[in-house]
Amino acid sequence: MPAGNDLLAQRIADLTAERDTAKYKLAGVLDEISDFCASLDGALMANQSADDLVENIQLRLSHYRLTDADREIHPDDVAADNFAAAMKFKLAIARAKGRSGWDDKENCSGEFLASQLVAHLNKANFGTFEDIANFAMMLHQRGESPLVLTSEFIASENKKIQAYQDHYAAQKKVTELAAQVEQLQEAVKACHLSAMDRNFARLMQLAEFKNPAQCLAARDAEVSAKAVMNFADVIRGAHLSGFVPADLNVYDVYQTARNHVKDNYGVIVPAWDDEDAKQIRQQAKGGA
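Residues 22 to 309 in our numbering are what the sequence shown spells out, letter by letter.
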């Protein structure tokens with residue numbers, strides 16, 4: 022590192038010397054031009070020829086050892102000037118849209134400018150090169166450390182990694198939910214078969230019905246029989262529990278059936294309230 026610093030210091034010193042020499046030459050050339058313009062009127066009045074004037078200029082400028090290469094513009098400079106013009110054009114467009122304040126460090130952080138530069142690296146629209154260069158210019162003119170770019174680039178990559186992880190986790194969750202749904206569907210199918218079609222499947226297996234209408238009729242008969250026996254179990258359970266007497270009459274059976282289908286199937290059956298029902302109730306009370 023010390024050797025590197027010494028080389029850098031020497032290079033800076035050399036560049037400073039070259040700059041001072043160039044400034045000296047330029048100042049001298051400007052002085053010569055000024056003197057020549059001042060004496061031009063006198064030379065013309067003396068009818069000095071054009072060749073003599075050119076020779077006089079060449080003699081004066083030769084003192085500064087200017088060569089043809091010094092008079093030519095390097096292609097790098099041409100390219101830099103053209104690119105700078107394109108950058109200025111993009112800046113003008115941004116100003117027309119109301120964008121400003123990049124040089125205000127209190128309201129615009131270096132991290133924000135660096136994040137914008139990094140974000141533009143993924144764009145491919147017309148003018149992206151100029152945008153990237155303008156953000157770099159802003160950071161340079163503000164004196165920001167180049168490390169701010171490294172920090173923002175790392176942050177950007179971390180966001181991409183997090184987004185990928187979130188997407189992967191979401192896909193995994195969707196897969197797990199799909200598996201759970203499939204398991205629930207299979208469970209529902211199993212419950213449906215065991216709760217509703219067990220008897221039908223048994224009848225199919227035992228009787229080997231080949232006619233679908235016969236199969237459906239057999240299933241309906243099985244379901245009806247099961248419903249009747251369930252109702253009988255309700256009455257038997259009520260009697261054993263002491264809720265209904267042993268001498269249960271027809272009206273009591275009808276009312277019990279009405280309550281049973283209402284509570285278990287949600288079906289409202291009309292009440293039995295004709296003359297026959299009144300007579301049965303009267304007899305149950307010991308009347309004539």
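Backbone N, C-alpha and C fix where the C-beta goes; we use that ideal spot for every residue, glycine too.
- Rounded to whole angstroms, the gap between the alpha carbons of Gln204 and Val139 is 47 Å.
- DSSP places Asn155 in the helix class (H, G or I) of the three-state scheme.
- A check of alpha carbon separations from Val271 across Asp297, Ala30, Val288 identifies Asp297 as the nearest.
- A straight-line Cα-Cα distance of about 36 Å links Val99 and Glu127.
- For a cut-off of 8 Å, the C-beta gap from Phe110 to Leu134 is around 20 Å, too long to register as a contact.
- Per the coordinates, the alpha-carbon of Lys180 lies some 28 Å from the alpha-carbon of Gln162.
- In this structure, Glu173 lies away from Glu207, with their beta-carbon atoms at least 9 Å apart.
- When DSSP states are grouped into helix, strand and coil, His161 belongs to the helix group.
- When DSSP states are grouped into helix, strand and coil, Arg120 belongs to the coil group.
- Counting other Cβ atoms within 10 Å of its Cβ, Glu151 reaches 16 or more and is therefore classed as buried.
- The shortest CA-to-CA distance from Ile301 to any of Ala278, Asp273, Gly287 is the one to Asp273.
- Proximity to Val255 across Ala242, Asp268, Met108, Asp284 peaks at Asp284, based on C-alpha coordinates.
- An exposed status is given to Leu198, since fewer than 16 other beta-carbon atoms sit within 10 Å of its beta-carbon.
- In this structure, Gly122 and Cys129 form a Cβ contact; the two beta carbons are roughly 5 Å apart against a cut-off of 8 Å.
- Ala107 and Asp73 have their alpha carbons spaced roughly 44 Å apart.
- Leu134: member of the alpha helix (DSSP H) spanning 131-141, first to last residue.
- If the five residues before and after Ile175 are omitted, its C-beta is found closer than 8 Å to no C-beta atom of its own chain.
- In the displayed model, Pro291 falls within coil according to three-state DSSP, outside both helix and strand.
- For Asp297, the uninterrupted alpha helix (DSSP H) run begins and ends at 296-305, by DSSP.
- Ranked by Cα distance from Ile114, the first of Gly148, Gly49, Ala30, Glu39 is Gly148.
- Remark: C-beta atoms of Ala154 and Phe104 approach each other more closely than 9 Å.
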